[in-house]
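Under numbering that gives the first Met the number 0, the first residue of the sequence shown carries the number 0, and numbering increases by one thereafter. For glycine and all other residues, C-beta sits at the position ideal for the given N, C-alpha and C. Computed from a predicted model, the values in this text were never measured in an experiment.
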Amino acid sequence: MSFGAALSEHPIAVHATGEAVGALLEQVGEEPDLVLLFVTGPHVGAFEDIARAVRATLRPKALIGTTAVSVIGGSREVEEQPGLALWAGDVGPARAVSFHATMGLGESWSFDCSDDIALSGASMLILLADPASFPVAPFLEHLRAEQPSLRVVGGVASAGFVPDANRLTVNGETMVGGAAGVLLPDDRAVATVVSQGCRPIGEPLTVTRSERNIIYEIAGRPALERLQQLLGTLSDAELEMARRGLHVGRVIDEHKVEFDRGDFLIRNVMGGDNEVGAIAVGDEIAVGDTVQFQVRDAVSADEDLRLLLDGRSADAALVFTCNGRGYRLFGHPDHDAEVLVRSIESPSVAGMFCAGEIGPVGAQSFLHGFTASVVLFGGPGSDPAG
């Protein structure tokens, strides 16, 4: 398998495009199976010309791309500055598609794909979505019901958050709304890593009373009482992390005997009610769900990503990281990119900072926050099950 990645920080779009395309031509040549394009806000006005030039020069079989506040190329992260990143790979048959969403009666969404046949036969979807026009969480819920075996990885465009602030491309054609995707029908050389950046505290316990996103009881006792007891056992450092932001991890696959980091879907604790002893979280929790409280900081996020990548082998990677990570979280640039390049021992890494990250937990795909969602390609140690 042949892969490559290129990054240009030139402030003039035509020069940035030439630099990145030229570097990719040297690495993978013409007509790769798949190319992804990521550009930052200063290049939004030239996005259509950039996408067409990339397609005309590289002539990929499938091309998708979007705009972002920051981009990744190799071990570099270009944050809130002019940046253009390209990634190319011979991944086998790939089909670029577009999606659009329509609000129907009863505030229910319907979704259209430009190639329903290819969608029904795919095992993975790499998805880039516009934040103002495409409801990612309902779309993922729709796919979980219609195609439960389809894994979805990607991110929400982040160059802006109002209508028409972002651009998308599918095979060189520019879109100002909806979502762009690429379908991969064969996942033998593809693995996924979803690092939600949290560290568990306490023990996993079963929810014994709940309603929608309100947890009333955990293991037969008021949820708030359980939480307060746990807080009393924490170190000063853990307490400080909990004060900055406390989270709940919900186990996705309840058939497991033991639970590890990758088994939890992380959601925020939104508040508590002393009168009834309940806590509210950013997700619906059912009676019988297993939950565990979690904390997050730079150290936990670093540790989580490294542990989840440990032992992985790959020839290339795409990374979709939260726009709240990077320098804001770690206090220095290039964290996720450097960890990934060193872990897989390949510079063929590219991606974007997102306004929401998409990736599977267990066998189901979700929309996340403060997450690094990674697709690994090739390598003898890759695990197709993710």
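Checklist entry - Straight-line CA distance for G154 to L245? => result Working through the sequence shown from its first residue, we reach residue 154 at position 155. Working through the sequence shown from its first residue, we reach residue 245 at position 246. Each residue's alpha carbon lies about 24 Å from the other.
Next on the checklist: Given this structure, state the Cα-to-Cα distance separating V340 from A19, to the nearest angstrom.
Outcome noted: Locating residue 340 in the sequence shown gives position 341, counting from the first residue. Locating residue 19 in the sequence shown gives position 20, counting from the first residue. A direct Cα-Cα distance of roughly 18 Å separates V340 from A19.
Checklist entry - Can you name the start and end residues of the alpha helix (DSSP H) that H334 belongs to? => result Taking the first residue of the sequence shown as 1, we reach residue 334 at position 335. Segment 334-343, the alpha helix (DSSP H) holding H334.
Checklist entry - Mind checking whether F133 and F98 have CB atoms under 8 Å apart? => result Taking the sequence shown and counting its residues from 1, the one referred to as residue 133 is at position 134. Taking the sequence shown and counting its residues from 1, the one referred to as residue 98 is at position 99. Yes, these two residues count as a Cβ contact at 8 Å.
Checklist entry - Is V68 helix, strand or coil when you go by DSSP? => result Reading the sequence shown from its first residue, position 69 is the one you call residue 68. Reduced to three states, the DSSP call for V68 is coil.
Checklist entry - According to the neighbour-count rule (16 or more other Cβ atoms, all chains shown, within 10 Å of its Cβ), is V295 buried or exposed? => result One-based indexing of the sequence shown puts residue 295 at position 296. Residue 295 is actually Arg in this sequence, not Val. So R295 counts as buried.
Checklist entry - Tell me which same chain residues have a C-beta within less than 7 Å of the C-beta of R211, skipping the five on either side of it? => result Looking up residue 211 in the sequence shown gives position 212. Cβ neighbours of R211 beyond the five flanking positions: E283.
Checklist entry - Between the Cα of C112 and the Cα atoms of P147, R150, P81, A179, which residue gives the shortest distance? => result Within the sequence shown, numbered from 1, the residue matching residue 112 stands at position 113. Per the Cα distances, A179.
Checklist entry - Does the Cβ of E145 have 16 or more other Cβ atoms within 10 Å, making it buried, or fewer, making it exposed? => result As a position in the sequence shown, residue 145 is number 146, starting the count at 1. Exposed.
Item to check | Coarse secondary structure for R324, derived from DSSP in three states | outcome: By 1-based counting over the sequence shown, the position of residue 324 is 325. Three-state result, R324: coil.
Checklist entry - Hey, which unbroken runs of the beta strand (DSSP E) at 3 residues or more fall wholly within the stretch 239-302? => result If you keep only unbroken beta strand (DSSP E) runs of at least 3 residues inside the stretch 239-302, you get 245-250, 263-272, 277-280, 289-295.
Next on the checklist: Taking the straight line between their C-alpha atoms, what separation do you get for V70 and P41?
Outcome noted: Taking the sequence shown and counting its residues from 1, the one referred to as residue 70 is at position 71. Taking the sequence shown and counting its residues from 1, the one referred to as residue 41 is at position 42. CA-to-CA, the gap between V70 and P41 works out to about 12 Å.
Checklist entry - What are the start and end residues of the alpha helix (DSSP H) that includes V169? => result The sequence position of residue 169 within the sequence shown is 170, counting from 1. Residue range 167-169 is occupied by the beta strand (DSSP E) that includes V169, with no alpha helix (DSSP H) assigned at that position.
Checklist entry - Between the stretch 7-15 and the stretch 25-34, are three or more C-beta pairs nearer than 8 Å? => result no
Checklist entry - Taking just the CA atoms, how far does G72 sit from I265? => result The sequence position of residue 265 within the sequence shown is 266, counting from 1. The sequence position of residue 72 within the sequence shown is 73, counting from 1. Near 27 Å, if we compare the C-alpha coordinates of G72 and I265.
Next on the checklist: Given this structure, state the Cα-to-Cα distance separating F160 from I125, to the nearest angstrom.
Outcome noted: Position 161 of the sequence shown holds residue 160. Position 126 of the sequence shown holds residue 125. Going from the Cα of F160 to the Cα of I125 covers about 21 Å.
Checklist entry - Do D335 and R327 come within 8 Å of each other at the CB atom, strictly closer than that value? => result Position 328 of the sequence shown holds residue 327. Position 336 of the sequence shown holds residue 335. No; because the gap between Cβ atoms is not below 8 Å, this pair is not in contact.
Checklist entry - Counting along the chain, where does the beta strand (DSSP E) carrying G154 start and finish? => result Residue mapping note: residue 154 aligns to position 155 of the sequence shown, counting from 1. Here the beta strand (DSSP E) through G154 covers 150-155.
Next on the checklist: Quick check on V53: does DSSP put it in helix, strand or coil?
Outcome noted: By 1-based counting over the sequence shown, the position of residue 53 is 54. Correct three-state label for V53: helix.
Checklist entry - Under the rule that 16 or more other beta-carbon atoms within 10 Å means buried, what is E29, buried or exposed? => result The sequence position of residue 29 within the sequence shown is 30, counting from 1. Answer is exposed; the Cβ neighbour count stays below 16.
Next on the checklist: Whether or not the stretch 165-179 and the stretch 271-290 are in contact is what I'm after, with contact meaning three or more pairs of Cβ atoms, one per stretch, closer than 8 Å; do they touch?
Outcome noted: Touching, no, given that fewer than three Cβ pairs across the two stretches are closer than 8 Å.
Next on the checklist: Can you tell me which residues form a DSSP beta bridge with A389?
Outcome noted: Past the boundaries of the shown model lies residue 389; the chain is included only from 0 to 385, so the question cannot be answered.
Item to check | N-terminal and C-terminal residue of the beta strand (DSSP E) that S119 is part of | outcome: Position 120 of the sequence shown, counted from the start, is the residue given in the question as residue 119. Premise fails: S119 lies in the alpha helix (DSSP H), 115-119, not in any beta strand (DSSP E).
Checklist entry - Can a CB atom of chain C be found closer than 8 Å to the CB of C353? => result Any reference to chain C falls outside this structure, which holds one protein chain only.
Checklist entry - The beta strand (DSSP E) spanning Q363 covers which residue range? => result In the sequence shown, the residue the question calls residue 363 occupies position 364. From DSSP, the beta strand (DSSP E) with Q363 extends over 363-367.
Item to check | Beta-bridge partners of L35, as assigned by DSSP | outcome: As a first step, residue 35 is located in the sequence shown; it is residue number 36 there, counting from the start. Under DSSP, L35 forms a beta bridge with I63, W86.
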